[in-house]
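Participant:
Numbering (my numbering), first residue to last: 300 to 391.
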């Protein structure tokens, strides 16, 4: 986070480097923001991957996408169960 011109002028008068006047707090705040942005970016990538995997997912918002994903997983499990049942009947 860059300091404004008036604050920079005051820091120069006090012989304080940019941001040192506020101590560690300013650096921590910057780190927290970077982490938050990085996490949001990671979540966005995961949402995009889900949108590609789930049928019709590309038109859904994140909250509806998660519901649709849960339904899709249940349907896939049901299909696996049915196919296993058909296979066991065929083997007999």
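The C-beta atom is built at its ideal place from N, Cα and C for all residues, glycine as well.
Taking the straight line between their C-alpha atoms, what separation do you get for residue 376 and residue 339?
Facilitator: Start at 1 with the first residue of the chain shown, and residue 376 comes out as number 77. Start at 1 with the first residue of the chain shown, and residue 339 comes out as number 40. Answer to the nearest angstrom: the Cα atoms are 30 angstroms apart.
Participant: One question on the structure: do residue 366 and residue 356 come within less than 8 angstroms of each other, judged by their Cβ atoms?
Facilitator: Here residue 366 is taken as the residue at index 67 of the chain shown, counted from 1. Here residue 356 is taken as the residue at index 57 of the chain shown, counted from 1. It is not a contact, given that the beta carbons lie outside the stated cut-off.
Participant: Please confirm whether residue 353 and residue 368 have their CB atoms less than 8 angstroms apart.
Facilitator: In the chain shown, residue 353 corresponds to position 54, counting from 1. In the chain shown, residue 368 corresponds to position 69, counting from 1. Residue 353 is a Cβ neighbour of residue 368, given a cutoff of 8 angstroms.
Participant: Quick one, are the C-beta atoms of residue 346 and residue 373 less than 8 angstroms apart?
Facilitator: Locating residue 346 in the chain shown gives position 47, where the first residue counts as 1. Locating residue 373 in the chain shown gives position 74, where the first residue counts as 1. No. Outside cutoff.
Participant: Consult DSSP for residue 347 and reduce its assignment to one of helix, strand or coil.
Facilitator: Locating residue 347 in the chain shown gives position 48, counting from the first residue. In the structure shown, residue 347 sits in a helix (DSSP, three-state: H, G or I).
Participant: Smallest Cα separation from residue 371: which of 389, 351 and 390?
Facilitator: Taking the chain shown and counting its residues from 1, one reaches residue 371 at position 72. Nearest of 389, 351 and 390 to residue 371, Cα basis: 351.
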